[in-house]
Every structure is written in structure tokens, then in C-alpha cells.
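*Asks:* Take a look at the following structure, please.
There are 2 protein chains.
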Amino acid sequence: MVPGVRSIVAVASGKGGVGKSTTAANLALALKTLGLKVGVLDADIYGPSMPRMLGISGQPRSSDGRTLQPMENYGVRCMSMGFLVAEDTPMIWRGPMVMSAIQQMLRDVAWGELDVLVVDMPPGTGDAQLTLAQQVPLTGAVIVSTPQDIALLDARKGLNMFRKVDVPVFGIVENMSYFICPHCGERSEIFSHGGARREAERLGAEFLGELPLDIAIRETSDGGRPIVASSPESAHAKVYRAIAARVWEKAQEALGEIARRAPKIVIQ
Amino acid sequence: MVPGVRSIVAVASGKGGVGKSTTAANLALALKTLGLKVGVLDADIYGPSMPRMLGISGQPRSSDGRTLQPMENYGVRCMSMGFLVAEDTPMIWRGPMVMSAIQQMLRDVAWGELDVLVVDMPPGTGDAQLTLAQQVPLTGAVIVSTPQDIALLDARKGLNMFRKVDVPVFGIVENMSYFICPHCGERSEIFSHGGARREAERLGAEFLGELPLDIAIRETSDGGRPIVASSPESAHAKVYRAIAARVWEKAQEALGEIARRAPKIVIQ
């Protein structure tokens, strides 16, 4: 466990480019609107996007020369490799160095008291993801997928990976679910809608909700003001808040179970 | 060098989900239409999509118990981890095992005579990508990106990675460049158009062409009949053929240079 951090929720995807980081940023902000203390650990070492998405720049400071102070915006604390290296430097690091960087971001950061630490996982089901899933004490995982078959295939692999290492999968979010033309209002199911809901059923996982491919969601998160923060009354923000509420319920359930599973000392 | 294989061209992206595999499949088929002998090595071990995209199923055979026969469709030879393991198995492999699998797919496959072997790289700029770029004798690399800033940032990292290991970057392809609504015909620049062209200029790399986000491109490649093969007269297929022609020119230039660079034995 990480001292002061009650729960750690991974946001993962079997495949990149499905909107994992956008989902992680909006989920974190939506958890915050529930009155929770929230942090975001950007574990996507090779393509950190949280600094940009949460609109944070600058370098983290250390008050004691030993631990780093997390950065903060919208009331959410954040640590990312993006704060520590230049944006266009390729992080051509070997596996063990990646894990050590993530361990440091987890344990040598003065997170303070947090109800939830959202971990934006690197996309995929490779070495780094497996090690992360094993070494970070995850309370559970949320899997993001587009409805496209090939993305769902990878989502299934991601789900199997978490199950193999005994991390509860809280559910699946369908992103880029459909596109509404801003000119005529007609809907196009570019990546074919509904696939993630069917896949979730097939896999016995919960379907947490769906978000369209929408310029507003894309632009706000690229611009450092994710839609949950910048348009809290929008339909999209409501979907994110509903997902956050369900994730927090499931995290509490999982914490209860973990507590129950721990051995008891009985004095007779 | 791989015996019989004249040139090896990597199709790479700094970030997943930008359409790298769709581009690789259509590029390979377009190179074929130029009259070249073409193979595709699916090096995306964690998320192999070539079997599905090229519409190939079944298992590769070995005639001598030592080398595998590549699979084939549309006149293009193909090898992929997808042929060797079940589709939904997570490839939770450690780094060195990945490299050894790719080396085997490169060297223990009876590719025969090929003008171009297109390598569908795993997305990203991590460990596996670096090792691949170092250990596979690449003639050059094509980088695929969406116009989205955050994808371009990762594209730049990919470009820097290839330059660091002295692999010529043939150019950048902008994918999901814009979306034409099938209902009203109006254009939406969902991921903001033109970014890859500007980035290519900035980086001193060639801009090879742009493809829209189009249901026809997505569905045909998901359905195993990429648009270059299934609608050769379409505007999209023409763009892929133009890109292929330029890539082949650049490959020939690079081969010439490599030959010139090789030390000569002078008998006096």
C-alpha cells in the first residue's frame, strides 16, 4: 500500500489511441466532483499526456530533497514523467528503468491523503503493463475501448491480464462510440457502435458507459481543460460523473473485500 | 540482411490507434500494384492485426521442420504472431522473448524473393521498438500520425528514435486527417487537419500524403479486404498508391546509398 492513499484505480486499454488518457483525466475530475480527494499518476512513461490534458506545466519541487511535491490543477494532484523530461524526448528506456521510474512516482511523491489515485496506464498488454499490474497495489481497473473489433480484441487481452494477476476489473467504457456531425446532427457509427457493451457481457464484466467521438471532448482535453471541468453541465460530463460514481462504489466494495480477506489475529 | 529480401520498410507510429496497421496493409497492397514482390511482417507482437486485415486465417506450415512458410493473400506474403497464438491470448511476454519471436519471424520464415518487406511495428517508442529498429536491418521507416497535437508529439519521438539509430525516415503520413459526413457530405476536422504536414516541414521530413477518417477504410481493413484491394479505383486507393510509389523511390535511393557507403575492396 501507499501511505495515505486509500485506493488506486488503473485506467487501461489493450490498444493505444482509444482515448484512455482522456477518459482517465475526465474520470479523475469526475471523482473530484463527488467530493473525493483525487490524484493522477501518469504511468504512460513513453507518451505522458497528463500535463497537457490537465493543463499543468512547470517542474515539481521537493521540500525535503527526498520526496517530490505533486503538481495540481482543478483540485487534482498529478505526477507525470512529462514534468521531468522535455516533451519531445523519446523515452527510449529499458524495461527495469521504466518500472523504477513508476515506483518512484508512486512512492517518492508526497501525495498526501487521497481517496483515489487514478493511474493512467501505458496502453497495451506488454511487459511494462504486466509489471505495473503486479507491482502497483491496484484496487481495480477500468478498461477503455472503442467499439472496433480489433480494439475489443485487445481490450479482452487487457481484461485477461488483470484477471491473471488478481486485479478486479471494475468495467469497460466504450469511447468513440459514435460521431454526431456538427453540420447536420446525423449520427455516424465510424467504429461501429455497441461492441464494448456486447463484449463486456460476454466477458462477465460491467459496462460502465459510452462516450461519443466528439470534437468538444477531444479539443478540451488536448487544450488542458477536460470537459468535466470546462462544461460540467454537458451531457458528456454527466456520463463521466455516472461512471465515476460507479467506479467509486466498486472501489469501496473491493476495499471491503480486501480488508475481509486479510488474515485476522485472534487472541484467545 | 535477410537473404532474398531487397529492402525492409518499417511502418511505425509514436502512439497506438492512429491507423498504423491499416496504413501498413494498404501500403503493402499498393506496393504490390507497382509490380513488386511484397511481404508483411507483423511485428506488433502484443496486438497483431495483419491476419484480420489481410483476411488470412489458419496456421503456417513448415516443409522442412526448420523454416515456416509465410501465409499469403492478395499476392502478399505475411507472417504474424497472430497465426501462432489464439486471438484473445494476452502476449504477456518479457522483452527478450519478444525480440526473439521477431527475429524468428524475420529469419526463420521462407520469405523467398521480396522487393519490399513491410514491417508493421508495435506502436510507441519503448524498449521493443528501439531493439527492433536496431536489430532489424531497416532500409527506412514511414511514420503514421493523426493530426492531433498529442499524436504528433509522439510521432516526433518516433522520428527521433529512428534518426538516433541511423534509419532513414522516408516520411510522414497523416491518417484520420478529416471526416466527411456520409449524410450531408460536410467535412469535420475531428482531430484538426494539417498538423502532420506542418510537423513534417518542421522536422525536415517528407510529407507523404493524407487519408481521411472514413468508414470505408476502417470497415474494409477490419473486414480483411483493405481498400487498395477491394476498391482499387477509389480516391483513397489512389492516395495509398501515390504514397507507395514515393516510398519505393526512397527505398531505392536508400539502397543505393547503403551500397555506396559499403567499403569497397580495391585490388591494385
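From first to last, the protein sequence lines are chains L and X.
All letters in the first sequence, in the order written, are residues 168 to 435 by our numbering.
All letters in the second sequence, in the order written, are residues 168 to 435 by our numbering.
All residues carry an ideal CB built from backbone N, CA and C; glycine is no exception.
Bear in mind that the values here come from a model prediction, so they are computed numbers and not experimental data.
1. Evaluate I410/L with the Cβ neighbour count: other Cβ atoms within 10 Å of its Cβ, from every protein chain shown; 16 or more gives buried, anything less gives exposed.
2. Is the CB-CB distance between T189/X and S388/X below 7 Å?
3. Using CA coordinates, which residue listed in D275/X, V178/X, T313/X is at the minimum distance from A192/X?
4. Cα separation between S247/L and E420/L?
5. Give a yes or no on whether 7 Å exceeds the smallest Cβ distance from V124/X to chain L.
6. Ignore the nearest five residues each way along the sequence and tell me which others in A197/L's own chain have a CB closer than 6 Å to its CB.
7. Express the C-alpha separation of R274/L and L235/L in angstroms, rounding to a whole number.
8. Looking at chain X, is there any beta carbon in it that lies within less than 7 Å of the beta carbon of H460/L?
9. Going by C-alpha distance, which of Q296/L, I347/L, I339/L, A318/L is nearest K331/L?
10. Should R369/X go down as buried or exposed, given a rule of 16 or more other Cβ atoms within 10 Å for buried?
11. By Cβ distance below 6 Å, which residues in the same chain neighbour V336/L in space, the five residues on each side in sequence not counted?
12. Look at K187/L and V311/L and say whether their C-beta atoms are less than 7 Å apart.
13. Could you tell me the alpha carbon to alpha carbon distance between G293/X and G293/L, rounded to whole angstroms?
14. Looking only at its own chain, which residues have a Cβ that is under 6 Å from the Cβ of P227/L, when we skip the five neighbours before and after it?
15. Taking the alpha carbon of P349/X as the point to measure from, which residue in A402/L, M264/L, S355/L, S224/L has its own alpha carbon closest?
16. On the criterion of 16 or more Cβ atoms from any shown chain inside 10 Å, does R244/X qualify as buried, or is it exposed?
17. Please name the residues in the region 357-368 of chain L whose beta-carbon is closer than 7 Å to at least one beta-carbon of chain X, in chain order.
18. First and last residue of the alpha helix (DSSP H) that includes R233/X?
19. Specify the secondary structure class of G423/L as computed by DSSP and reduced to three states.
20. What does the alpha-carbon distance come out to for the pair G214/L and D282/X?
21. Would you mind sorting I434/L into buried or exposed? The rule is 16 or more other CB atoms within 10 Å of its CB.
22. Does the Cβ-Cβ distance between A363/L and I339/L come in under 7 Å?
23. Run through the region 242-303 of chain L for me and flag every whole alpha helix (DSSP H) of 4 or more residues, listed as ranges in chain order.
24. Would you report the Cα separation of P314/L and L319/X, rounded to the nearest angstrom?
25. Checking 7 Å against the spacing of the C-beta atoms, do E280/X and K204/X come in under that value?
26. Our contact map puts A210/X next to V286/X with C-beta atoms below 8 Å; I'd like the distance itself, whole angstroms only.
27. Within 10 angstroms of the Cβ of P272/X, are there 16 or more other Cβ atoms? Answer buried if so, exposed if not.
28. Apart from the five residues just before and just after V169/L, which ones in its own chain have a Cβ nearer than 8 Å to its Cβ?
29. Can you give me the start and stop residues for the beta strand (DSSP E) that I339/L sits inside?
30. Please identify, using Cβ separations under 8 Å, the residues of the region 317-349 of chain X that lie next to chain L, in order along the chain.
31. With 7 Å as the threshold, decide whether the Cβ of V303/X is near any Cβ in chain L.
32. Run through DSSP, which three-state label would F329/L get?
33. Three-state secondary structure (DSSP) at M238/X?
34. Tell me, please, which residues DSSP counts as bridged to V309/X.
35. What are the start and end residues of the beta strand (DSSP E) that includes L208/X?
36. Under a CB-based cut-off of 7 Å, is T190/X close to chain L?
*Replies:* A quick look at the data gives this:
1. buried
2. yes
3. V178/X
4. 28 Å
5. Residue numbering for chain X in the displayed model covers 168 to 435; residue 124/X lies beyond these limits and cannot be assessed.
6. V395, Y407, R408, A411
7. 10 Å
8. This structure does not reach residue 460/L, given that chain L is present from 168 up to 435, and the question cannot be answered.
9. Q296/L
10. exposed
11. A308, L326, F329, A372
12. yes
13. 11 Å
14. L235, Q236, M238, F250
15. S355/L
16. buried
17. I357, F358
18. Segment: none, R233/X is in no alpha helix (DSSP H) and carries neither H nor E.
19. helix
20. 34 Å
21. exposed
22. yes
23. 262-274, 294-302
24. 24 Å
25. yes
26. 5 Å
27. Contrary to the premise, residue 272/X reads as Met rather than Pro in this sequence. M272/X should be labelled buried.
28. I175, L273, R274, W278, L284, P304
29. 336-341
30. I317, A318, L320, D321, R323, K324, G325, N327, M328, K331, F346, C348, P349
31. no
32. helix
33. strand
34. V178/X, G338/X
35. 205-209
36. no
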